[in-house]
Structures are given as structure tokens and as C-alpha cells.
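There are 2 protein chains.
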Amino acid sequence: MLSRGNGVALWRQIHSKMETEISSGGYGPGDRLPSENELSGRFGVNRHTIRRALAALEEDGLIRVEHGRGSFVREPVIHYPVSRRTRFSENLSRQRRRPGSILLMAVDIEADPMVAEALDIEPGAVVTRITNAGEADGRRISYAKSYFPRAQFPGMVRVYRETGSVTRTLRHFGIDDYSRKRTRIIARMPTVEEARELEQPKKRPVLITESVNVDARGVPVEFGICLFASDWVQILVEPSE
Amino acid sequence: MLSRGNGVALWRQIHSKMETEISSGGYGPGDRLPSENELSGRFGVNRHTIRRALAALEEDGLIRVEHGRGSFVREPVIHYPVSRRTRFSENLSRQRRRPGSILLMAVDIEADPMVAEALDIEPGAVVTRITNAGEADGRRISYAKSYFPRAQFPGMVRVYRETGSVTRTLRHFGIDDYSRKRTRIIARMPTVEEARELEQPKKRPVLITESVNVDARGVPVEFGICLFASDWVQILVEPSE
DNA sequence: CCTCATCAGTTGTATAGACAACCGAAGCTG
DNA sequence: CAGCTTCGGTTGTCTATACAACTGATGAGG
């Protein structure tokens with residue numbers, strides 16, 4: 085059964101044994117595993133060694149351990165296939181309005197240091213923050229916050245409400261052309277609030293783009309942080325010709 | 085310092101104390117923490133209690149623990165620019181990081197439909213697949229699979245072993261310059277194997293880039309799928325000049 | 001100079017025991 | 001019957017000890 089002193093730790097052997105037992109269907113989803121005491125007797129090891137193996141299984145997401153109740157096999161995680169067809173594409177090389185944009189909030193606030201640095205203004209200066217969500221095929225796919233320096237665009241909130249688009253709003257203020265300066269792409273787990281806004285499970289990561297748009301003279305006009313549901317969105321980068 | 089019997093486990097108190105100490109800069113990136121023995125003396129607890137706290141810090145991605153050496157504070161994020169000319173080691177040395185590349189596997193296989201389409205060859209044609217891991221300052225940051233059409237580059241495996249770099253390998257075959265055609269960026273949770281290769285916690289997402297490199301005439305020479313540890317790598321997209 | 005063995009210091013594994021915290025069911029009490 | 005207590009079984013924490021495995025430096029021997 086287990087072999088001692090062969091270079092493979094006992095808890096690893098137990099972990100791998102139970103792993104195959106679970107994934108091969110020996111224990112079904114929701115089943116309760118034997119108690120730590122029973123397992124330690126069955127494998128002939130100390131209870132702590134069993135606990136080490138169980139901790140690893142929990143980290144793998146195969147089981148969940150409940151205080152005073154026992155260890156239970158988790159429902160198999162839905163593994164979203166990376167199908168190349170069903171994904172929406174966000175093309176960074178193009179400047180186009182995302183369809184299905186929903187205005188969630190528009191307020192004037194003081195710029196925190198990060199926003200201030202991006203827009204090249206003083207921290208604490210007033211900026212207009214517009215929060216909106218993007219939908220496609222009835223599915224929430226993005227959640228974005230855009231920051232505009234208010235000194236440059238007074239009354240932006242009202243204009244945005246009327247026009248409903250960043251491009252048209254900026255044009256109203258005389259900015260006919262603007263371009264993306266640099267985009268930073270990161271991935272992380274969502275906060276509870278972000279997961280709710282994106283209508284996606286908390287365990288799925290989000291793709292985030294942070295970008296600064298500048299006008300023709302190179303002056304920052306918008307700083308945007310956009311969260312994408314990673315299950316549905318891919319980002320494309322194409323070198324411009 | 086620590087309070088016993090107040091409902092909060094000792095290891096949690098230690099974990100949170102060390103967490104703030106690290107993020108507040110008490111220990112800098114790359115610094116070695118005191119040994120488990122010293123910490124156990126300092127906090128007045130058993131070594132195993134310290135180990136529990138360190139394990140949690142490691143899961144958080146704040147430290148890494150190395151057998152026989154010690155625990156080290158992880159370093160901050162790395163910026164990985166994606167542009168028409170993207171070269172792994174160039175990117176890193178420009179940020180004064182020490183690049184490293186480890187060849188994990190090199191085999192000739194038949195192209196699956198996805199690879200074939202990307203390289204514009206017949207499905208089933210033989211391609212050379214090179215799997216390697218990228219490092220910066222000794223830390224794993226990427227895990228990549230690169231596909232090359234074998235018809236165009238016979239004996240690629242041997243050449244790659246000798247040169248250890250995509251750029252130098254292609255140069256050996258007369259490709260002096262190549263550029264990135266299109267990059268697709270997605271995010272998802274890693275498989276157990278991917279997390280292991282990236283030496284990152286299983287609950288942290290990975291950033292993935294898929295790109296095709298073409299030679300001066302526009303013929304595909306390489307298709308690459310590169311996984312980045314999202315905790316430590318950000319992708320930068322700059323408008324191409 | 002290079003190679004190898006050794007050694008102190010470090011983390012990893014395994015064992016053992018004790019008690020706390022929690023859960024659920026069974027039994028008691030009004 | 002509702003509410004409460006008790007109790008056995010479970011997981012969580014902490015301590016203690018011992019040894020294995022690994023790392024890096026030091027020094028002996030060629």
C-alpha cells in the first residue's frame with residue numbers, strides 16, 4: 085500500500101491515492117470521506133499525516149473540510165473550455181465603442197493617487213468617474229470605471245448621460261481625436277462586488293485593462309479601468325499598420 | 085504580543101503580524117525571513133505553529149519557502165511588454181532583471197488543428213514543440229509551449245538545446261528578424277500541473293498569451309502559447325511605432 | 001587549483017498526545 | 001411539544017520530539 089523511505093512523502097502518497105479515488109468516482113460529489121481517525125487507522129499513519137493529505141486535497145479544490153462534521157467531496161468544478169468561437173474579443177488596436185453599454189453611476193470625486201498620476205493632475209483634484217457595464221448577447225461581460233479630469237470637462241456627467249458614449253462626450257468638448265497611450269493588462273481574482281457586477285462566479289478570474297487615453301497633443305483625457313469576465317472575453321493585440 | 089485563548093488561533097495572529105510586516109516594507113523583496121527556529125523562539129510558540137503561519141503566507145503569494153535555505157519575500161510584479169517586437173530576455177534585461185530559461189521538453193509531434201491553422205500548415209504535419217520555463221531573478225514567471233514547422237527547421241531540437249533561445253535558434257536557420265502578428269490574451273485558472281510549473285498557488289489565475297511570429301515575408305515561423313503567473317507579471321501593450 | 005567529504009544550519013516529514021471548538025442527535029425538563 | 005442540556009464524534013490548534021533531506025561553506029587531499 086504505502087511505502088516508507090522511498091523518497092516520496094507518505095502524505096503525498098495518500099494524497100495521490102485519494103485523488104484518484106475521488107476523480108475515478110470511488111467517492112461521488114457530496115459524499116463524506118471517512119473521518120481522519122478512521123483514515124489514519126486504515127493507512128496506518130498518524131492523524132497529522134492524514135490531515136496534511138486532506139489539506140492538499142482541499143487546496144486542489146477536490147474536497148471541502150467542515151469543522152465538526154467531516155470532509156466532503158466537492159461538486160466537480162465546471163471547467164469552461166477555452167473555445168475559440170464563443171468568446172468575445174476586445175481589440176486593443178481599435179478604438180470603438182462597446183455596444184450594450186449600461187451607465188451605472190456618474191459622480192464627481194477627488195482623485196486618489198493612482199488616478200491622479202495617470203491623468204497627470206494633483207491628487208485630490210476633482211475627477212468625474214463614470215461606471216458602466218457592458219453586455220453582449222444578454223450577458224454581462226465587462227465592468228468599467230472611467231475617470232476624466234473635471235477641470236477640463238465641466239458638466240461631463242450631464243453630457244455623458246445625453247450622449248451615452250465616451251467618444252461623443254469628448255467630441256462635445258472639442259476632442260475629435262484621442263488615442264490609447266499604454267495599456268496594462270493584469271489578471272486577478274475578483275472582489276465580491278466585482279463578481280456580482282460581472283454576474284460571474286467568485287472563483288473565476290477577471291481580465292483587467294488599465295489604459296490612459298490622450299488627445300492629439302498628448303494630454304491625458306481619460307483613465308479607464310475595465311474588468312472583463314475572463315470566461316467570455318479575450319483581448320486581441322494587433323500591431324497597427 | 086500574542087494573546088492565547090481569545091478565539092483567534094496563534095498561527096493566524098502570527099500570519100497577520102508577518103503579513104503587515106512584509107507589506108509595510110519591514111522586510112523588502114528578496115529578503116530572507118528569520119529561520120523557523122528563530123521565529124518560534126521570538127514568538128514563544130512551537131516551530132509547527134510558525135510553519136502553519138508560513139504556509140499561509142506562501143499560499144498568499146507573499147513569500148516562497150526553499151528547502152534547506154529559508155523563506156524569502158517575493159518580489160513585485162514584472163512588466164511584460166507586448167509589441168510587434170517582443171523578445172523574452174530583452175524585455176527582462178531592460179528592466180534590470182536576470183532572465184533565465186529552462187528547457188523542459190522538446191519533441192516532434194503532429195500538429196493539432198489549432199496549431200496547424202496558426203502556422204498555416206496541414207493538420208498532421210510534423211511540428212517541433214518546445215516547452216520551457218522562463219525565470220526572472222531566479223523566480224518562475226512563465227511556462228511556454230512553442231511550435232515550429234519542422235519542414236522549415238529540421239534539427240531544431242538540437243539547435244535549440246545549444247542556443248537556448250528562440251531568437252538565436254531562428255537566426256541559425258537564417259531568420260534574422262521576426263515580428264509578432266497578432267496576440268490573443270486570455271486569463272483562466274491554472275491546472276494543477278501548470279501551477280506546479282509556474283511555482284504559484286493553485287488559486288491564483290494565469291495570464292495567457294497566444295501569438296504567431298512571422299518572418300520578414302510574413303510566413304509564420306513560430307506559434308507560442310505562454311502562461312504567465314498573474315501575481316508577478318503584468319502585460320504592457322504599447323502602440324507600435 | 002580542483003574535487004570531494006564533512007558539517008552546521010535550514011526546511012520537510014512523521015509520530016504522539018492533549019485539549020479546544022464545533023456539530024448533531026439523543027434525552028431531559030418544563 | 002419547545003427548549004435546553006448532555007454527550008459522543010468530528011475537525012482545529014498547539015506542543016514536543018526525532019530524524020530525513022537539502023544548502024552552502026569550509027577544509028582536507030589529490
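Residue numbers (our numbering), protein chains in the order written: chain A, 85 to 325; chain B, 85 to 325.
A virtual CB, placed ideally from N, CA and C, is assigned to each residue, including glycine.
Query raised in the report: Taking Cβ-Cβ distances shorter than 8 Å, what residues in chain B pair up with A/T251?
Result: What A/T251 touches in chain B: nothing, since even the nearest Cβ is about 18 Å away.
Query - Contact under 8 Å by Cβ, B/S230 with B/A217 - result: The answer is no: Cβ separation not under 8 Å.
Query raised in the report: Taking the continuous beta strand (DSSP E) assigned at A/Y111, which residues delimit it?
Result: Careful: A/Y111 lies outside any beta strand (DSSP E) and carries neither H nor E.
Requested in this report: Select from the segment 265-283 of chain B all residues with a C-beta closer than 7 Å to any C-beta belonging to chain A, and list them in chain order.
Outcome: Under the 7 Å Cβ criterion, the segment 265-283 of chain B contributes R266, T267, R268, I269, I270, A271, R272, M273 and V276.
Query raised in the report: Who does B/E142 pair with in a DSSP beta bridge?
Result: Partner(s): none; B/E142 has no beta bridge.
Report task. May I have the straight-line CA-CA distance separating A/V303 from A/E103, to the nearest angstrom? Result -> Spanning the two alpha carbons is a distance of roughly 56 Å.
**Report entry** Contact with chain B by A/V191, beta-carbon distance below 8 Å
**Finding:** Cβ-Cβ to chain B under 8 Å: no for A/V191.
Report task. Return helix, strand or coil for A/E159, following the three-state DSSP convention. Result -> A/E159 falls in the coil class under three-state DSSP.
Query raised in the report: Per DSSP, A/V129 forms a beta bridge with which residues?
Result: Its beta-bridge partners do not exist; DSSP assigns none.
Query raised in the report: With a cut-off of 8 Å, do at least 3 Cβ pairs link the segment 256-275 of chain B to the segment 284-298 of chain B?
Result: The segment 256-275 of chain B makes contact with the segment 284-298 of chain B; the number of CB pairs closer than 8 Å reaches 3 or more.
Requested in this report: Please work out which residues of its chain come closer than 7 Å, Cβ to Cβ, to A/A300, disregarding the five sequence neighbours upstream and downstream, and give them in chain order.
Outcome: Its chain contains D261 as the residues whose beta carbon lies nearer than 7 Å to that of A/A300, once the 5 sequence neighbours on both sides are disregarded; these appear in chain order.
Requested in this report: Give every residue of the same chain whose Cβ lies closer than 7 Å to the Cβ of B/A200, excluding the five residues on either side of it in the sequence, and list them in chain order.
Outcome: For B/A200, where only same-chain residues beyond five positions count, the Cβ hits under 7 Å are E206, P207 and A209.
Report task. Can you give me the start and stop residues for the alpha helix (DSSP H) that A/T253 sits inside? Result -> Taken as a continuous stretch (DSSP letters only), the alpha helix (DSSP H) holding A/T253 covers V250 to H256.
Query raised in the report: Along the chain, which unbroken stretches of the beta strand (DSSP E) at least 3 residues long are found entirely within the segment 255-305 of chain A?
Result: Runs of the beta strand (DSSP E) lying entirely within the segment 255-305 of chain A, each at least 3 residues long, are 262-272 and 290-299 in chain order.
Query raised in the report: What residues in its chain sit with their C-beta under 8 Å from that of A/V126, if we drop five residues either side in the sequence?
Result: A small fix is needed here, since residue 126 of chain A is Arg in this sequence, not Val. These residues qualify, in order along the chain: P118.
Query raised in the report: Mind checking if A/D144 is an interface residue toward chain B, Cβ cutoff 8 Å exclusive?
Result: Yes, its Cβ sits closer than 8 Å to a Cβ of chain B.
Report task. Tell me whether B/A279 is buried or exposed, calling it buried when 16 or more other Cβ atoms sit within 10 Å of its Cβ. Result -> When all chains shown are included, B/A279 counts as buried.
Query raised in the report: Within 10 angstroms of its Cβ, does A/H151 collect 16 or more other Cβ (buried), or is it exposed?
Result: Exposed is the call here.
Query - Outcome for B/I193 when other beta-carbon atoms lying within 10 angstroms are tallied against a minimum of 16 - result: The residue is exposed, with fewer than 16 neighbouring Cβ atoms inside 10 Å.
Report task. Per DSSP, which residues does A/V210 bridge with? Please list them. Result -> Note: A/V210 sits in a beta bridge opposite A/E194.
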